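J.: Per the numbering used here, the sequence shown runs over residues 15 to 482. Yeah, the Cβ is synthetic: ideal placement off N, Cα and C, and Gly gets one too. Keep in mind the model is a prediction, meaning the values are calculated, not measured.
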Amino acid sequence: MTDKPITTILQDESHIEKPPSKDLRYKALNFVKTLDNKQSTTHLPDTLLNLITEIIKPLFSTSHHKNLTSTGRKNRVNDPLPASINRFQSQILFDSDDSNRPLWKNGWTSSLLLYILTSYNKITDDVSRKKTLEAHFHLLVPAVLHQIDDVEISYKCSGCQCLKILCDNLRDVQSEMLRRSGLTDVFVDALRNDFSLLPTLTPEAESLMLFRELYPAYRSLVRARFLHVEVATARSTRDTSSKPTVNSNAKQDGQHTEAEEDLRLAYLTALLRHQTLHSLHHLSTGSGTGSTISIPLSTFLISQLAWIFTDMGIASVIHLQTVLPLLRNVLMDPFGTAAPDMLLASVRSLQVIVSVTWPRIREKWWREVLRGCVGCWVNVADEEGDINTKDQELVKALVEVKHELKVLACLLEDIVGEAFISAKQELVKEEGMLEQLFDGDIGRPPEMKSKTKPNTPAATQKSMIEEL
Numbered sequence: 015m016t017d018k019p020i021t022t023i024l025q026d027e028s029h030i031e032k033p034p035s036k037d038l039r040y041k042a043l044n045f046v047k048t049l050d051n052k053q054s055t056t057h058l059p060d061t062l063l064n065l066i067t068e069i070i071k072p073l074f075s076t077s078h079h080k081n082l083t084s085t086g087r088k089n090r091v092n093d094p095l096p097a098s099i100n101r102f103q104s105q106i107l108f109d110s111d112d113s114n115r116p117l118w119k120n121g122w123t124s125s126l127l128l129y130i131l132t133s134y135n136k137i138t139d140d141v142s143r144k145k146t147l148e149a150h151f152h153l154l155v156p157a158v159l160h161q162i163d164d165v166e167i168s169y170k171c172s173g174c175q176c177l178k179i180l181c182d183n184l185r186d187v188q189s190e191m192l193r194r195s196g197l198t199d200v201f202v203d204a205l206r207n208d209f210s211l212l213p214t215l216t217p218e219a220e221s222l223m224l225f226r227e228l229y230p231a232y233r234s235l236v237r238a239r240f241l242h243v244e245v246a247t248a249r250s251t252r253d254t255s256s257k258p259t260v261n262s263n264a265k266q267d268g269q270h271t272e273a274e275e276d277l278r279l280a281y282l283t284a285l286l287r288h289q290t291l292h293s294l295h296h297l298s299t300g301s302g303t304g305s306t307i308s309i310p311l312s313t314f315l316i317s318q319l320a321w322i323f324t325d326m327g328i329a330s331v332i333h334l335q336t337v338l339p340l341l342r343n344v345l346m347d348p349f350g351t352a353a354p355d356m357l358l359a360s361v362r363s364l365q366v367i368v369s370v371t372w373p374r375i376r377e378k379w380w381r382e383v384l385r386g387c388v389g390c391w392v393n394v395a396d397e398e399g400d401i402n403t404k405d406q407e408l409v410k411a412l413v414e415v416k417h418e419l420k421v422l423a424c425l426l427e428d429i430v431g432e433a434f435i436s437a438k439q440e441l442v443k444e445e446g447m448l449e450q451l452f453d454g455d456i457g458r459p460p461e462m463k464s465k466t467k468p469n470t471p472a473a474t475q476k477s478m479i480e481e482l
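#1: Would you kindly report the start and end of the unbroken alpha helix (DSSP H) that includes Ile435?
#2: Roughly how many angstroms lie between the CA atoms of Asp400 and Leu408, to the nearest whole one?
#3: Measure the alpha-carbon distance for Gln439 versus Phe314 and round it to whole angstroms.
#4: Restricting to runs no shorter than 4 residues, where is the alpha helix (DSSP H) found entirely within the region 162-216?
#5: What separation, rounded to the nearest whole angstrom, lies between the Cα atoms of Leu211 and Leu441?
#6: Tell me whether Glu377 is buried or exposed, calling it buried when 16 or more other Cβ atoms sit within 10 Å of its Cβ.
#7: Starting from Gln25 and walking both ways along the alpha helix (DSSP H), at which residues does that stretch end?
#8: If you draw a straight line from the C-alpha of Cys424 to the C-alpha of His295, how long is it?
#9: State buried or exposed for Thr393, treating a residue as buried only when at least 16 other CB atoms are found within 10 Å of its CB.
#10: Asp1 lies in the alpha helix (DSSP H); which residues open and close that run?
#11: Measuring straight from C-alpha to C-alpha, what distance separates Arg193 and Asp199?
#12: Given Lys504, which residues of its chain have a CB within under 8 Å of its CB, disregarding the five upstream and five downstream residues?
#13: In whole angstroms, what separates the C-alpha of Leu38 from that of Lys178?
#14: Residues in its own chain within less than 6 Å of Arg185 by CB, not counting five upstream and five downstream?
#15: Compare the beta carbon distance of Leu311 and Glu418 with 8 Å and say whether it is the shorter of the two.
#16: To the nearest angstrom, report how far apart Cys387 and Arg287 are at their CA atoms.
#17: Please name the residue or residues paired with Lys88 in a DSSP beta bridge.
#18: May I ask you to report which of helix, strand or coil DSSP gives Thr283?
#19: Sort Asn343, Leu364, Asn44 by Cα distance to Leu24 and report the nearest one.
#20: Going by DSSP, what residues sit across from Ser330 in a beta bridge?
#21: In angstroms with no decimal places, state the Cα-to-Cα distance between Gln175 and Ile66.
#22: How do the region 324-338 and the region 348-360 stand: do at least 3 beta-carbon pairs fall below 8 Å, yes or no?
#23: Ordered along the chain, which non-local residues of its own chain (more than five positions away) have a Cβ less than 7 Å from that of Val430?
Next comes the structure, spelled out in structure tokens:
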């Protein structure tokens, strides 16, 4: 989306729009100017409501979403048409002829909607902010959903941005609107269809642009829906079978049940299994997952594993048998050094996964992680001996990969203990170049000291979890 001020966008006369859209644009500009001229935020809720009801709502009045009623609430009546037919039927009719394009596709509606959603942060009083958000919620939902469901990638991205901001606002004020309205499934259904937009049917650049907005939107949606879940971690419970816990207020209010905990994990499990891992296998070439038809997309998807495991907590151990071999294959790929960013994403995700699931790693999986770590180190060391020193970007990238591998090795040693120490001693005897991998020195290389990192495995583990 553009970084231009909303007033500049609304004043732009170059928009290709119908007369009704132009009239609404002028009206919106007057509302925004009035709002900007006022020093106090007292009138902000009323002005935002005017923008929604008098500008946004008319722009979307000709578009009907199958999962919503006319008031923006969940439609409890089943639609006779399959979802795929219903969703895109109107798109084909609208977009086949520019004269039939929806009124909201005018070049400025998306920017205005983002302006409205970000303006709620200007309401300083938390009680007033929560009251305003909940009063406007159902009026905002149709506009957000229509953008997510649109066939054009740019509008899908805008819809995901809007959903993320809306959910972040709800979470900030601890609003239960998503739980009370039952609209979480409607949003999840809309987002789910966009995860399938992958090469070769969708251009790589468009897929990457969409996924960078899609994954944060999904995470914010789940977080806003389950406000009172505290993710169980092995660090605090020492129990690999524990589930997410509920804070005392939620228990007293009766707002949370075991079914809620299971539902939250179900949303994250579906994202991991049916979207992220499915996409990685779709992009892989041949039977392995180390090679891919899209390095940027695979790199992005691998990086998302870190927050998914973090949000799932210790319950994510059931996915180790699928994820660890995948990441090990990426790290051990002999041609992996041609894509250092993907190696970095894999190692950093492994660091987080090991930190989150350490009891099961210690019991069963540490050798699998060590195999990937050692294989990648050897490949990088061999590549460093062959590359042209003039390729400074690649040299720096490989140095960064080696640093992260050393951090991972230190984490494993802290978790596993004596068995790991014995294993590394045997490995160093067989291959001398591995001595540097296990020397325990994880201070930042001189050229990277601007990127602050903790210098101990324990501090590294803590920082990785907190960042996510």
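T.: Looking at the coordinates:
#1: 432-444
#2: 12 Å
#3: 35 Å
#4: 167-186, 191-195, 198-208
#5: 43 Å
#6: exposed
#7: 20-25
#8: 30 Å
#9: It is Asn, not Thr, that sits at residue 393 in the sequence shown. Looking at its Cβ environment, which holds 16 or more other Cβ atoms inside 10 Å, Asn393 is buried.
#10: The first residue shown for the chain is 15 and the last is 482, placing residue 1 beyond what the model contains.
#11: 10 Å
#12: Within the shown structure, residues of the chain are numbered from 15 to 482, placing residue 504 beyond reach of any answer.
#13: A direct Cα-Cα distance of roughly 26 Å separates Leu38 from Lys178.
#14: The beta carbon of Arg185 sits closer than 6 Å to the beta carbons of Arg237, Ala238 from its chain, once the five residues preceding and following it are set aside; these are given in chain order.
#15: No.
#16: 24 Å
#17: Leu82
#18: Three-state result, Thr283: helix.
#19: Asn44
#20: Per DSSP, none; premise fails for Ser330.
#21: Straight across, the Cα-Cα distance linking Gln175 with Ile66 is about 17 Å.
#22: Too few Cβ pairs lie closer than 8 Å, so no.
#23: Arg376, Trp380
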